[in-house]
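Under the working numbering, the first residue of the sequence shown carries the number 4, and numbering increases by one thereafter. For glycine and all other residues, C-beta sits at the position ideal for the given N, C-alpha and C.
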Amino acid sequence: MSRRRQIYEGKAKVLFEGPEPGTIIQYFKDDASAFNNQKKGTITGKGVLNNRISEYLMLRLGEVGVPTHFVRRLNMREQLVREVEIIPIEVVVRNVAAGSLAKRLGIKEGTPLPRSIVEYYYKNDELSNPIVSEEHITAFGWAATQDLDDMMALALRVNDFLTGLFLGIGIRLIDFKLEFGRLYNGDDMQIVIADEISPDNCRLWDFKTNEKMDKDRFRQDLGNVEAGYQEVARRLGIFQEGAPAEHRAAEHRGTKTVQ
Ligand code: TMP
4 MSRRRQIYEG KAKVLFEGPE PGTIIQYFKD DASAFNNQKK GTITGKGVLN
54 NRISEYLMLR LGEVGVPTHF VRRLNMREQL VREVEIIPIE VVVRNVAAGS
104 LAKRLGIKEG TPLPRSIVEY YYKNDELSNP IVSEEHITAF GWAATQDLDD
154 MMALALRVND FLTGLFLGIG IRLIDFKLEF GRLYNGDDMQ IVIADEISPD
204 NCRLWDFKTN EKMDKDRFRQ DLGNVEAGYQ EVARRLGIFQ EGAPAEHRAA
254 EHRGTKTVQ
């Protein structure tokens, strides 16, 4: 880690210059924060789990044609990703009322929504990431109308795919946050999923008991935070039988990967 150039340090990750131009290394920390950094803590092992969970979900999304910045996992805490121009909008997709939606609109947590709802938040810590509309986004030039159309379409595809994937392992996908980036290739530009997809930015409830298995355990002081993340990884088949998930998936497809 020492000789690499650090590009950025966020709340849960550090970004380093990658080995080739146009690549970045994401290092996953155990640090956790909530409520716009007002609550801080450490979840032992979180970085290792999120690195694996995000790798797994990005690979599965890639297989169904959803473009992401993910290239490959490098080690327990690091993954190689493509360098993208991050769009300063967080896209939240909600299936069930929880968190800020439940609070803002006075809807009881756990109420299924009549349909999936997509929300946009302006990425700005000083302003505590305020909710914004398409009008704000295009008027202030944070993203073009075409970018937003692509982001919305991708977010809904991710929601459909992940809802089914998690349902298959007894987990309800309540809501999640995505970040997007512009990936340039010569004159071409493609909008891709960036950042990470993990229990840090998804709400995941056990299907039978509604037990929370995500960062709400930290936000709400529910205890056993790491166990929640571990259970998500275990159900996804990560870390089982000593074989990383990508090996078993490759075996399932009849191909092998080399670590
Ligand atoms: P919210 O209910 O607090 O608005 O969160 C909605 C979803 O977005 C939830 O799964 C957590 C995730 N999220 C982040 O990943 N980062 C954030 O900064 C916020 C506010 C939410």
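Residue i vs residue j beta-carbon contact at 8 Å
i: Val121; j: Val161; result: no
i: Arg206; j: Asp217; result: yes
i: Ala15; j: Asp219; result: no
i: Gly113; j: Asn213; result: yes
i: Gly173; j: Arg237; result: no
i: Gly21; j: Leu83; result: yes
Inter-residue spacing [alpha-carbon to alpha-carbon] between residue i and residue j
i: Arg251; j: Glu66; result: Residue confidence is low: Arg251 scores 46 on pLDDT, short of 50, so the model does not pin down where it sits. Its coordinate-derived value is still stated next. Roughly 15 Å between the two C-alpha positions.
i: Pro115; j: Ile177; result: 9 Å
i: Ile194; j: Gly144; result: 16 Å
i: Gly184; j: Leu64; result: 16 Å
i: Ser119; j: Phe179; result: 11 Å
i: Ile196; j: His72; result: 6 Å
i: Asn98; j: Tyr124; result: 17 Å
i: Thr26; j: Gly109; result: 43 Å
i: Leu181; j: Leu62; result: 15 Å
i: Asp198; j: Asp163; result: 19 Å
i: Val261; j: Ile89; result: Bear in mind that a pLDDT of 33 at Val261, under 50, signals an unreliable position, so the model cannot answer this.
i: Leu242; j: Ser201; result: A small fix is needed here, since residue 242 is Phe in this sequence, not Leu. Whole-angstrom Cα-Cα distance: 15 Å.
i: Ile140; j: Leu130; result: 15 Å
i: Arg7; j: Tyr30; result: 12 Å
Heavy atom of the ligand TMP within 7 Å of residue i beta-carbon
i: Arg206; result: yes
i: Lys16; result: no
i: Lys180; result: yes
i: Asn132; result: yes
i: Ser2; result: The question about residue 2 has no answer, for the chain in this structure spans 4 to 262.
i: Asp203; result: yes
i: Glu137; result: no
i: Val95; result: yes
Nearest to residue i (by Cα), restricted to the options the options
i: Ile92; options: Leu64, Leu77, Met154; result: Met154
i: Asn40; options: Asp190, Leu207, Pro202, Asp128; result: Asp128
i: Leu52; options: Gly25, Arg80, Asn204, Gln29; result: Arg80
i: Arg85; options: Ile110, Phe242, Pro70; result: Pro70
i: Gly231; options: Ile28, Ile46, Arg6, Pro22; result: Ile46
i: Arg75; options: Val87, Gly68, Glu58; result: Glu58
i: Ile134; options: Leu157, Leu159, Leu104, Leu186; result: Leu104
i: Leu60; options: Leu165, Gln9, Gly171, Asp190; result: Leu165
i: Pro24; options: Asn188, Gly44, Arg55, Thr148; result: Asn188
i: Gly44; options: Glu234, Arg222, Gln233; result: Arg222
i: Ala101; options: Asp191, Arg175, Tyr11; result: Arg175
ask   = In chain order, which continuous runs of the alpha helix (DSSP H) of length 4 or greater are located wholly inside the region 115 to 191?
value = 137 to 142, 148 to 170, all fully within the region 115 to 191.
ask   = At what residue ranges does the region 200 to 236 contain a whole run of the beta strand (DSSP E), taking only runs of 3 or more?
value = 205 to 209
key: Length at least 4, wholly inside the region 16 to 89: the alpha helix (DSSP H) runs in chain order   = 49 to 66, all fully within the region 16 to 89.
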